[in-house]
Every structure is written in structure tokens, then in C-alpha cells.
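Below is one structure, written out as C-alpha cells; comments come after it.
Residue numbers (the working numbering), protein chains in the order written: chain A, 474 to 620; chain B, 27 to 472; chain C, 1421 to 1901.
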């Protein structure tokens, strides 16, 4: 795995089924990660999720300005032979989306926690992050999903 | 006779291998009550010679275009089919394979479908096409549903001069989804879609406007004008086209169509009492991920060589299930192959000749009818190779009377257009000779 | 390597088909059609000669897998042998060269065939009425669900918004549900079959219908089927039978007798009409009496010995096809039924089921067999253990089979089996073919342990190496333009 500039997760503490789960962020049941950056939350999908999906070919992401509610659909992620919904891990307003992914969706496979980020949400309530899993709980969750 | 190849010895050996005393044992999960009533009352089986004799006898009860001189139209036409078309589609490789789920095993058919898509794009001047839908009617239904999804609007405006069967099928599709289809009237005297009525009806709740070129009456429409009205309201413009006519007529891409659809039967398919047919579907790139049906793409293999595969599959039911763009799975691949071979066999010059000869002969016939005064060409707008004839008597009766005398015209228009109860469609293809055209005039006169 | 495209071998001036010279007075096109309607440049279609076209497609044919060439155990698709005589029959001018608007008195042979085939399908399905109009299986599904909606509406019962489908269902089922503005409720299977508790919890007075395939996509007969349909009816919902797997039960069970209200047939599966590289197929629908008023129009009727089309069904859902469905496909199915008779069809199902069980028995120690038999016409194996042990997945096995001249089984479906390998041998394969296939699968599994890299790179002997489907979808190139 290459070094990242955006996520900057040097301290990887968890691993499940050979996938990386950095502990500098929180995780949703449906395999999104959410990383707090002051009052902003950067969102992507986990290494486990990209591995399950396989080669990602297309993403449908919300335009900046769109209000979102935690647990509501945010967009979709398509691989060659699967599609999954991307659910908002926190509520707020989308302030940025990763334009780079339109031309290079493979970044999600290559660097899910870094260049493969999807959107940034400005959240009024960072406490929502607490309702998500930490890395070790998420590692457990991946173990259970795999069986 | 069946096509089960097992010898008695193999049958017994296999039963022993699975530990079954008899084959009935393998059906033990089926409740007894069901097994008792399951014997169907069907005719006794026939041998191949008996079968052929039976089928010939039954087929002889039909009067095909070998028995009746065909002037029938309305979407399907008696056109010449080059021998090479039947030869290619009859090859077991194309005939007996299935959808190319494993691209490495089926590069040939994939390439053939890719070439089909390419030729449909050349013909329509649209940037992309799918690998077929069921027929022109389902293509209209799918186009409206695509437009509704794209615009998030729930009303479609469809010209009343667009094929009634296609409108009927689209109605079945759309009514199920709560999408309203509003008909745009045609101008009574000319047969053209009433663009003033369209202008009055189109607003920001309309997902698309659909017209046919030439329309169901054979009349040429102002497609550019209609497209402009659609686009001004933020609606998509759907052009239903007759593929042979595109040998000479302006293509949908030139007048701003967002989706071009059509019935592909004239491209080398036998009429077959109306099926199988070929739904043509081409569109702008912007709606690519909403397109229904299979799409073939060009790519490379791991060694970097050119290769083909089904692509954008995440749109489809086998992956997206209830969120798929359509429920379509099996479509009309072999018919698409026939169309590609037909277009290659004719080429641009041949296609133009087919379209031109059809038009010339149709106009010759219309002129002869006008001169003789036996029947009236009802609609005044310019037509291409099909027109509406007023027979002065109920259309169904005229069709029946002419069929008794060896000429097939129609369909009669009364069912779909009560105001044209005395009218029938007359279509002329390149197949008709001057003698046959004169013959029809003579029969109408007598 | 792929062949050059037709366009790339084309040269200006080459021709294949030529027309006779026109025999009406030559008139300039501009005299007939206002010039603004005419296209400025001809479409850029290939200009090629007939020998070049023949060669082109012969080479493409060489690179196209098909039933005549080899074993095609593509689960769920019933890739059985397509009888040659049926092609000869479908090409008879009386069928092929008939315009659909030919007046009924001149199309009595066709109307007779349609009436008889509809009757036979209703008989085989244990139903009361049928239509040939739906042009494919999914169109038949849509037609049935659309009729459910019309039926409930006709009774003023408009609170029903959901259709239940099991998690093992074909994707077309939930997609057809959406096409009727219903919501699909997916229920979990247990032990490979419908879980009655799950079904009971999902049922309610807002359920319009249930869609079931029986035997299901795991090749298992739903042993509780009578109770299942009773539960569905008790909730006021309709039961639809997906006829995809009808090849398993002819002469042994009829959907109508199970209690189903509507069903579709796949003529291209059960009755051996060619799959055409992805169609045309045909998806006729058969229903019980209470749904008959909602069938598509027009319907073939007989009055005083004469056959005609009747449009007078005010409750009909309308048309689902431009004309009368894929008629030339129906002609082939009609001939197939006449060739077999009831006994012959029973023998078809018996051989299909015997073949599937024989394969399952032989391969159960080579791969995982997540659900025990007896199987009906197909079985679902799994490469999950092999994948954890060697990293070789169902997809690698599928690609390796291509090198042996076998079409891959269906992989990764049904979704409820991980690393699924769904094998449907059909009745037209001999024991020798099955034994050969068994030996090949064992060899591939052996290779997974000895030389997995070779398998990861398979196929090695097809016309191309493993195709990059990700690039195709990321950067779609859909035409030669």
C-alpha cells in the first residue's frame, strides 16, 4: 500500500482478513469510513469494502451544497459486477466531492483511505461520529461479515 | 422421439451412481398430490417426417407474401433479404450460443454486436447504441422511462401519428409506473403532428416529446421544430425512425434527438407474423448509465490485445436487481446480427437505392391512383414510401376485398383512428414491380 | 486476436447486394421529398463484397462458443440442444413471410398454431388461459406482475404496495417488480429454501404478490410449496411462478396444481428454441381463470370453426409487444412439443434431473456442495473452501474450463452462495460428456493446488486472454467511431 497524503494514517493498528483498518477514523456498518478534520468529515469506503466490490468503475456522488442525513443514501459505488449504496455516516452538508474519481475510479481500489476519498461533509454535530465504530470494533464487524 | 442421448446401460449406471432405485426417486421432494395430476394431455408425438408434413399443411393455410402481393406496412415491410443474411444468422455458432457472460469464449458474437452498435450509430448519427431491445414498441416504452428518470418528470408527450401499437405498449409500461402519456394530435388534412398543439402542451413537467419519422401515415415530420420545442422546455426529444429511410433522410443526430429508436425488422428480418423483431435504441452519451439492455464495449485483454466484452453491466437486472434501469435480460441479439449483415451487404449505396426505389415507386403508385381517381390519397403532407389511402368503404372491408384478389394492403386504420375509418395504409418497397403497382390500381378501379 | 472490423476492411466502391434497376420513371429525389428532409452525407456503412462478409462472419463464428460445439452447463439458462428440424420449419414461407396484418381468413394456419400452443402451455402449466405475446422471460414476468396490479385494482384493493421475492431469485424478478411501481421485499432463505417464518413475517395486507421459482435457483424443489401458496393466498396476495426451471418438472408437477395464479414459460429454455447469442427468446404467460380478463390483447379466439383476433377485453393490461410476440420462436416450440408429446417431455425432465444429480454426486468431494440434494435440473457447487485454501476462485475455474472447450457454468449466482458455481447439464448431454466434464473439474482443482498461477491467468487457449472488464466499464468505447 502506498503512502498517502490526504489521510495520512501512519498508525495502522487493526487488520482483518489481510485488509487495513487505520485507527484514525470511525467506521459505519455499511463499510464507510469517516475522518474528522475539525468541523469537516471526510468520507470514503474501507479497504475491506473495496476488496469485496472488486474493480471499481464508476461512482455517483453528491454535488457540493447537498444536505445529507446520517444513514441516508449519499451515492452509489459501481464495480464491474456489483453496485452498493454509499450511506452518509454523519449529517450535514456536502462541501466537496472528489472530482478525480470521475476519471480514475480505480483510486478507490488503490488507495481507499487516501486518494480514494469520496466526499467531505460539514457537520453541525461531530458527536454523530461517536455512534460509529472504532477500528477494533470494525475489524470485528469485518470478521463477522466474512463468514 | 426426444433428444435424450442416454443408452439404457448409461441410464442404469447413472441411477446406481446417485443411489436411486428408479428415476422417480429423484423427484421425491415433489408432494405426491402434485405428481398424480401432473400428466398433461398433449397430442401423441410425431416423427420428423410426420412433423414436417403436419407443419407444411398448417403453413399452407396461410397466405404469405408468396401468395399475396404485399403493400402492407405500418412498421413491418416486405423487403429483399440478401442470401448472406440468412446464411450468417443460421450458423449454429451464432444461433445456439447465449449472452456473452464469459467474454473469452464468445469474442466473435461480441465483435458482431459491437459492429451492429457501430452501424446503428452511423445510421442514426447518434454517439452510442445498445445491442437490441425486443421491438420498436418496447424501445418507445423504455425511452419514455429513461426520460422520466433523467428529468424526474412524469408526463410524456407522444404524437398521435406515431405507431399505435408502440403507443399501446408504451402505455402498458408507463401506466404501471404512474407516468402519464399525453397524445399530441395530428393536423387533420396533412397528417403531420400539430406543432402548435405540441407548443401548447409542452411545459416543465414533460419528460420527453416523441415523434416518428416518417410517421405512421408515411408523412414527413418537422423533427427539428419538435426537438426545439422539447428542448426549450427541458424535455428530451425521442425520434422513432424507420432504418431504411435513413439511407436518404436526415438522421436523428442531425436534428437534435436525445434518443433515437425504431423497429429494425426492415434490416434483413423476415416479417414472421410480427416476431421476432428488433428494437433499435441509440442515444446521447449523457444518459449512458440509464440505457436499458446489453451493451458491448471494446477493451483489451491482460496481454494488451484488443478484446470485447459486455459492459456497463451495473445498470442491469442481474446486478442492480430492483434498482436496474430495466428488467430486460434476453433481448434480440440474433436479429441485431441480421441487421448488421444486412447493412454490410447493402452498404451506403445499396441502402440509398433501397430507400430511393421505395420512394419512387410509392410516388408512382400515388400518382397513378390520383390520375385514375379510383381512390384518394387522404393526407396532403409530403410522404416517403407509405401513404394513407381512402377507399371510400370501411378499411377492413377494403383490405379483405383486396386480399381475395391477391393484394395485401393495410393495416386498416379505423381501430386506431376512428376518423380514418375508410382508410388503409399502403406501403411500397423496392420489391414491388411496376406491373404490380399498375395491378393494384387496376384492382382498385374494378 | 479479434478480427479487423468490417469497416476497417471496407473500400469505397465495393458492393455485395445489388438491386434490379428501377422500373418506374426515374425522378430526382428532391422532386419527391423536400430537400431539407434529406441527409447531407450517406451513413458511413462498410463497403464490402459478399466473399469478404462471408469470411468475416466465418471467422467470428469460430470464436463464438455454442451448443453444437461443446458442453454449455450455464446454470439457469437451460442450454440444451436445438433440434435442426425446427429451424427448417420456422423458415417455411407460410410462417416466415407472413405480414402480421394479414387478414385472419388468410392466416388461419398461424392462428391455429397460436391457439393450440396456448392450449398446450396452459395444460402443461395446470392453468386455464395463455398468451404468447411476451417476447422474453422478463417480459412475461412484467406481464404477470402488471396483471396482479390490474387484478387488485379491479377489486378496489389499492393498499397493496409490495411484492415478495426470495433472496435466491433471478435479478429479473425484483426488476420486474420495480417496473410495476411495487417495492420488492426480499426474504432470506434457510437451508436453501423459502423460510416459512420469514415469509409469514413478510406477508401482510399490503402485499400484492409473491414471485417464486420452483425448483428454485439452487436446483431444490420447494417441498413446502402447497403451504407457501396457501399462506400467500390467505394474505390476499397473488402467487407468480417463474418458469425458468420448468425443464425439471414436466410430467411431475404443474404450477397451477401447486396453487400459482400466473406463470411464464421460457420457450428458449424448456422447449429448446435457440438462444441466438442473447435472444430472441419468448416468454408466454399462462394464468388461472380469475386473471384471464387481464391478459394482453388481442387474443386468438375461435368462433364457428374460424379463428380470429379479439380485442374486446376491457380489463386487459394492454399490449406488451407490437404484434403477437416472437411468433417464429413459438413455431419452433410448437414443433418441439409435437415431437415429444407428454411422455417425451416427462423423459426430458427425468434425464435433466438424472444428469444434474449425477454431476453433483461426482463433484461433491471435489468442490463444496452447500445444499444437499436430491437436485432437480441443476446443482450449485461452491469454490469457497478451495478459495480459502488456494486463492483460486469460482471465476478462475470458469476461465480454466474455457481452455478445455467447455463453457463456464454460471458463477456468483445465486447470490446466497459464496463462490457459487451453478451447473445445469440439461438432458441432451450424454454420460460420456458428463464424465469428461467431471474429470476436467477434478484436474482444475488439482491444478489449483499445484500451479495456481496458471489458473489465475486462464484462459490460455481462447482467442483472447482474460478480458479487462474494468477498463471497458471505466472508459466505455462502444462504437468503432
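The beta carbon of each residue, even a glycine, is placed where N, CA and C say it ideally should be. Keep in mind it's a predicted model, so treat the numbers as computed, not measured.
For residue i, three-class secondary structure by DSSP
i	result
residue 1613(C)	strand
residue 88(B)	strand
residue 1804(C)	helix
residue 476(A)	Because residue 476(A) carries a pLDDT of 29, less than 50, the predicted location of this residue cannot be relied on, and the following value inherits that uncertainty. If DSSP states are grouped into helix, strand and coil, residue 476(A) belongs with coil.
residue 233(B)	strand
residue 1710(C)	helix
residue 481(A)	Since pLDDT at residue 481(A) reaches only 35, below the 50 mark, its modelled position is unreliable, and the value read off the structure follows with that caveat. If DSSP states are grouped into helix, strand and coil, residue 481(A) belongs with coil.
residue 1835(C)	coil
residue 119(B)	helix
residue 270(B)	helix
residue 1485(C)	coil
residue 1492(C)	coil
residue 611(A)	helix
residue 1518(C)	coil
residue 150(B)	helix
residue 72(B)	coil
residue 454(B)	coil
Where residue i meets chain A, residues with beta-carbon distance less than 8 Å
i	result
residue 339(B)	553, 554
residue 1832(C)	554
Within chain C, partners of residue i - CB distance below 8 Å
i	result
residue 54(B)	1794
residue 129(B)	1884, 1887, 1889
residue 272(B)	1459, 1463
6 Å CB neighbourhood of residue i in its chain, flanking five on each side removed
i	result
residue 1812(C)	1806, 1868, 1872, 1875
residue 404(B)	414, 416, 449
residue 383(B)	456
residue 1747(C)	none
residue 1879(C)	1819, 1822, 1823
residue 588(A)	580
residue 409(B)	244, 245
Chain-ordered chain B contacts of residue i [CB-CB under 9 Å]
i	result
residue 1436(C)	108, 110, 370, 371, 372, 373, 376
residue 1591(C)	342, 343, 344, 345, 346, 347, 348, 350, 353, 355
residue 1488(C)	118, 119, 121, 122
Within chain C, the residues that residue i reaches when beta carbons sit closer than 7 Å
i	result
residue 329(B)	1885
Contacts that residue i makes with chain A (C-beta to C-beta distance below 9 Å)
i	result
residue 1889(C)	528, 530, 553, 554
Cut-off 8 Å between Cβ atoms - residues of its own chain near residue i, not counting five sequence neighbours on either side
i	result
residue 450(B)	414, 415, 417, 421, 424, 425, 435, 436, 437, 438, 439
residue 42(B)	none
residue 607(A)	496, 499, 500
residue 1866(C)	none
Contact check, residue i vs residue j, beta carbons under 8 Å
i	j	result
residue 1674(C)	residue 1537(C)	no
residue 1639(C)	residue 1799(C)	yes
residue 1500(C)	residue 32(B)	no
residue 571(A)	residue 541(A)	no
residue 60(B)	residue 335(B)	no
residue 204(B)	residue 179(B)	no
residue 1466(C)	residue 373(B)	yes
residue 1951(C)	residue 1771(C)	Outside the modelled stretch of chain C, which goes from 1421 to 1901, sits residue 1951(C), for which no answer is possible.
Cβ neighbours of residue i in the same chain (closer than 7 Å, five flanking residues each side left out)
i	result
residue 1762(C)	1671
residue 153(B)	147, 310, 311
residue 1550(C)	1538, 1541, 1542, 1704, 1705, 1706
- Message: Across the segment 1686 to 1706 of chain C and the segment 1660 to 1667 of chain C, are there enough close Cβ pairs to call them in contact, namely three or more that are closer than 8 Å?
- Response: yes
- contact_flag[the segment 1869 to 1886 of chain C, the segment 1505 to 1521 of chain C] where n(CB pairs < 8 Å) is 3 or more: Verdict: no, contact absent.
- Check whether the segment 1489 to 1504 of chain C touches the segment 1819 to 1831 of chain C, counting contact only when three or more Cβ pairs, one atom from each stretch, lie closer than 8 Å. Judged by Cβ distances under 8 Å, the segment 1489 to 1504 of chain C makes contact with the segment 1819 to 1831 of chain C, as three or more pairs qualify.
- Query: Three or more beta-carbon pairs under 8 Å between the segment 1647 to 1656 of chain C and the segment 1625 to 1632 of chain C, yes or no?
  - Reply: The segment 1647 to 1656 of chain C, when compared against the segment 1625 to 1632 of chain C, does touch it at the 8 Å Cβ threshold.
- Query: Three or more C-beta pairs closer than 8 Å, one from the segment 181 to 199 of chain B and one from the segment 1741 to 1752 of chain C: is that the case here?
  - Reply: yes
- Inter-stretch contact (C-beta, 8 Å, three-pair minimum) for the segment 1723 to 1740 of chain C and the segment 1519 to 1529 of chain C: yes
- Item | Validate contact between the segment 312 to 331 of chain B and the segment 390 to 402 of chain B using beta carbons, cut 8 Å, 3 pairs | no
- Message: Below 8 Å, how does it come out for the segment 278 to 286 of chain B and the segment 245 to 264 of chain B: are there three or more Cβ pairs, yes or no?
- Response: Proximity of the segment 278 to 286 of chain B to the segment 245 to 264 of chain B meets the contact definition, three or more beta-carbon pairs being nearer than 8 Å.
- Item | Sufficient close CB pairs (3 or more, under 8 Å) joining the segment 1771 to 1779 of chain C to the segment 1609 to 1618 of chain C | no
- Decide if the segment 1441 to 1455 of chain C is in contact with the segment 80 to 99 of chain B; the criterion is three or more beta carbon pairs, one per stretch, under 8 Å apart. They do not touch, by the three-pair rule.
- Query: Any contact of the segment 105 to 114 of chain B with the segment 1855 to 1865 of chain C, i.e. 3+ C-beta pairs under 8 Å?
  - Reply: no
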